[in-house]
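One structure below.
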Amino acid sequence: MSDYLVIVESPAKAKTIERYLGKKYTVKASMGHVRDLPKSKMGIDFENNYQPNYITIRGKGPVLKELRAAAKKAKKIYLAADPDREGEAIAWHLAHNLNVDPNSECRVVFNEITKEAVKDSFKSPRPINMNLVDAQQGRRILDRLVGYNISPLLWKKVKKGLSAGRVQSVAVKMIIDRENEIKNFKPEEYWSINGHFITNNEKFEGYFHRLDGAKQDLPNKASVDQVLERLTENKFKVTKVTKKERKRNPALPFTTSSLQQEAARKLNFRARKTMMLAQQLYEGIDLGRSEGGITGLITYMRTDSTRISETARSEASNYITDQFGSEYLGSAQKTKNSQQAQDAHEAIRPTSAFREPSKVKDKLSRDQYRLYKLIWDRFIASQMAPAVMDTMTVQLEQNGVQFRATGSKIKFNGFMKIYIEGNDDNVKEEHKLLPALEEGMEVDVDKITPNQHFTQPPPRYTEARLVKTMEENGIGRPSTYAPTLDTIQRRGYVTLDNKRFVPTELGEIVINLILEFFPKIIDIDFTAKMENDLDEIESGAIDWIAVIDNFYQDFEKKLKVAEKEMENVEIKDEPAGEDCEKCGHEMVYKMGRFGKFMACSNFPDCRNTKAILKEIGVECPKCKKGQIVERKSKKRRTFYGCDQFPECDYVSWDKPISRQCPTCQEQLIEKKSKKGVTVQCSSCSYKEETQN
């Protein structure tokens with residue numbers, strides 16, 4: 001019989017911790033929460049200060065039975081769920097079910113699953129932190145009040161199966177607002193003038209900067225012509241040369257949000273995949289007996305703090321000094337947590353700076369390795385010295401027309417030796433040198449090129465951009481980003497098109513109704529304030545019941561008004577203009593989870609359905625009879641196929657265009673990449689210039 005019982009959430013975590021603790025400890029997994037609000041009803045006692053009525057989650061009976069049996073045999077029970085609100089709530093529910101006094105020293109937390117961290121945590125167990133539990137309960141009850149009151153209203157007024165969520169609805173509204181910005185955007189013309197110069201057989205470029213010493217906008221060709229008329233010679237004079245040394249600091253270690261953003265940019269990972277892999281790296285990977293067996297490779301992955309421990313900082317310093325030399329060692333950067341940051345634990349970092357990704361590569365899956373390397377690189381780089389750039393800015397002038405040229409080179413690469421932070425636009429950083437130029441010199445003009453441009457609408461949200469915007473606005477917290485994005489797609493309120501969010505008609509209908517009757521629910525400022533209130537509950541500054549009551553008093557009034565005044569929204573079936581090939585009845589357009597589709601009007605007697613096919617104006621290159629149409633795979637990825645399918649099985653992930661290759665006469669396709677769209681041959685090596 002073991003003296004001590006330790007309960008964690010997952011079997012993987014249990015296996016790792018049991019090996020560290022030894023024979024006196026039995027470690028069991030609760031498989032997440034064991035109690036929750038009932039699914040079949042509200043589960044909140046409004047007459048008793050909104051007290052939740054928890055029940056055992058369906059299917060968790062056998063788990064609880066096993067835990068109770070183990071608890072009877074143990075002298076002491078330790079609850080070691082994750083170190084956040086959700087983990088604290090899991091521990092509290094387990095304490096209730098196993099008759100453990102929550103005020104006793106039963107709670108153990110660790111930020112990393114390593115032998116030292118786990119053993120140290122058992123030296124200082126503490127009571128369950130009820131402020132953390134209350135903050136989790138507050139969020140759960142708020143979400144239940146919104147979801148279980150608005151959702152039935154939508155079923156009644158719009159259609160069955162719809163639902164509304166507090167944070168999710170705000171995210172959908174942000175996507176709809178961005179789509180409206182794009183639709184209403186009016187492009188404005190503007191111009192630029194590039195100069196191509198030569199000196200001592202070296203070419204360099206500059207751009208128009210000022211006219212007669214003042215800034216000059218170039219809104220149209222006439223304004224460009226006025227500038228060009230002043231250029232009567234084939235030479236420019238160098239009037240000013242400025243040389244500077246510029247330092248560039250490394251990015252701070254990862255938070256949950258910045259990890260999801262960077263994994264999307266550099267690894268093309270969805271937020272959900274990033275968190276799943278991070279969970280695996282945190283809970284432990286079997287590195288083999290010689291390397292310590294099952295070991296957690298990263299610290300806890302749900303955090304909005306950039307703080308790191310002095311132990312981790314010292315270890316990173318030793319590694320950098322050993323591997324690169326003391327000149328690469330940086331001074332401690334000040335962390336820049338947002339106002340909403342809870343700072344409960346450290347940033348996401350490797351549990352050992354000396355555990356290089358290459359050393360564990362053969363023990364990890366390809367994606368586990370890529371994510372671990374990203375986390376390791378970012379952390380080590382964050383502790384390295386700034387990069388130093390030599391920059392040069394040159395002013396060139398002719399008859400009052402001033403051009404400017406800039407150049408730079410890396411003088412000392414510092415942190416850039418191992419890592420450079422990505423950007424949302426996937427723009428590759430370039431460092432171009434200028435020739436040796438001095439004031440008073442003259443340079444020759446190779447050519448002057450005026451360029452017409454038009455302002456572009458704001459881009460649709462990618463997952464990374466949406467997470468970043470939500471964080472900036474205080475919407476949600478580290479544990480909510482990935483499930484929020486997953487939920488709004490599963491509900492059919494948004495879809496992904498070329499990895500960018502597009503709202504569906506269904507999403508717009510639901511959000512417009514919520515906006516009319518429950519404007520606070522999808523107000524960004526109000527939602528951010530609710531998040532701050534939950535943080536205040538966690539710190540013990542305010543009581544969770546007061547927060548819930550303050551919200552519900554107004555919400556209940558709005559709910560009664562909506563019950564009376566919200567009109568039924570009938571989503572009418574539109575004639576599709578063709579007959580069903582199975583029964584001859586008319587086909588109609590219906591609204592589904594992912595937008596409109598075609599279905600037989602003789603439903604339910606005939607269940608024939610078809611996707612709405614979007615022709616792209618290209619004849620099928622295979623059968624020469626059908627038209628190429630845009631289709632969606634099961635994972636909502638766009639592909640192209642013949643509308644004569646299944647008679648013709650032509651398919652392509654790349655969009656065919658209505659031109660043939662001038663070299664081999666095969667089909668030309670559009671190939672998308674981070675740099676833009678390239679037209680190339682589907683058969684030979686013919687390729688045209690990339691279009692941004």
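Numbering follows full-length UniProt numbering, in which position 281 of the sequence shown is assigned residue number 281; successive positions increment by one, without gaps.
Glycine is no exception: its CB is placed at the ideal position from the N, C-alpha and C atoms.
A direct Cα-to-Cα measurement between residue 494 and residue 230 gives close to 53 Å. CA-to-CA, the gap between residue 554 and residue 520 works out to about 10 Å. Taking a cut-off of 8 Å on C-beta distances, the segment 238-247 touches the segment 386-394, as three or more cross pairs fall below it. In summary, residue 176 is buried, with 16 or more beta-carbon neighbours lying within 10 Å of its beta-carbon over all protein chains present. Around the beta carbon of residue 271, 16 or more other beta carbons lie within 10 angstroms, which makes this residue buried.
Within its own chain, the residues whose Cβ lies closer than 8 Å to the Cβ of residue 203, once the five positions on either side in sequence are excluded, are 196, 197 and 446, listed in chain order. Taking a C-beta distance under 8 Å as the contact criterion, residue 313 and residue 383 qualify as a contact pair. By the neighbour-count criterion, in which 16 or more other beta carbons inside 10 Å mark a residue as buried, residue 653 falls on the exposed side.
DSSP places residue 259 in the uninterrupted alpha helix (DSSP H) bounded by 256-267.
Per DSSP, residue 484 is not a residue of any beta strand (DSSP E); the alpha helix (DSSP H) it occupies stretches across 481-490. Closest in alpha carbon position to residue 626, among 254, 614, 485 and 165, is 614.
Unbroken alpha helix (DSSP H) stretches of 4 residues or longer found wholly inside the segment 126-205: 130-157 and 166-184, given in chain order. If you draw a straight line from the Cα of residue 149 to the Cα of residue 647, it comes to about 50 Å.
With a cutoff of 8 Å on beta-carbon distance, residue 128 and residue 88 are scored as near each other.
For residue 383, the secondary structure class from DSSP, reduced to helix, strand or coil, is coil. Less than 8 Å divides the Cβ of residue 458 from the Cβ of residue 178. Assignment of residue 389 by DSSP, reduced to helix, strand and coil, places it in the strand class. In its chain, beyond the 5 residues on either side, 269, 367, 368 and 371 have a beta carbon closer than 8 Å to the beta carbon of residue 277. In the pairwise beta carbon analysis, the segment 49-64 is classified as touching the segment 137-144: at least three pairs are separated by under 8 Å.
Distance between residue 532 and residue 417, taken at the CA atoms: about 39 Å. Comparing alpha-carbon positions, the option among 126, 396, 79 and 661 lying closest to residue 242 turns out to be 396. For residue 453, the uninterrupted beta strand (DSSP E) segment begins and ends at 442-454. Take the alpha-carbon of residue 102 and the one of residue 118: they are about 21 Å apart. Between the segment 554-566 and the segment 577-591, the count of Cβ pairs shorter than 8 Å is below three; the stretches do not touch.
Taking 8 Å as the cut-off, the Cβ atoms of residue 311 and residue 114 do not count as close. Judged by beta-carbon spacing, residue 66 lies within the 8 Å limit of residue 28, meaning their Cβ atoms are closer than that value.
Excluding sequence positions up to five before and after residue 110, its CB lies within less than 6 Å of the CB of 117, 118 and 121, all in the same chain and listed in chain order. Residue burial is scored here from C-beta neighbours: residue 575 has fewer than 16 other C-beta atoms within 10 angstroms and is therefore classed as exposed. Less than 8 Å separates the beta-carbon of residue 434 from that of residue 407. Counting only residues of its own chain and dropping the five nearest sequence neighbours on each side, residue 558 has a CB closer than 7 Å to the CB of 517 and 518. With a beta-carbon spacing of about 15 Å, residue 260 and residue 488 fall beyond the 8 Å limit used to define contacts.
Of the candidates 651, 355, 378 and 454, 378 places its Cα closest to the Cα of residue 420. Assigned with DSSP and collapsed to three states, residue 408 falls in strand. When secondary structure is reduced to three states using DSSP, residue 463 falls in the helix class. Judged by DSSP secondary structure, residue 242 falls within the beta strand (DSSP E) whose first and last residues are 235-248. Shown here for residue 104: same chain residues with a beta carbon closer than 8 Å to its own, the five before and five after excluded, namely 127 in chain order.
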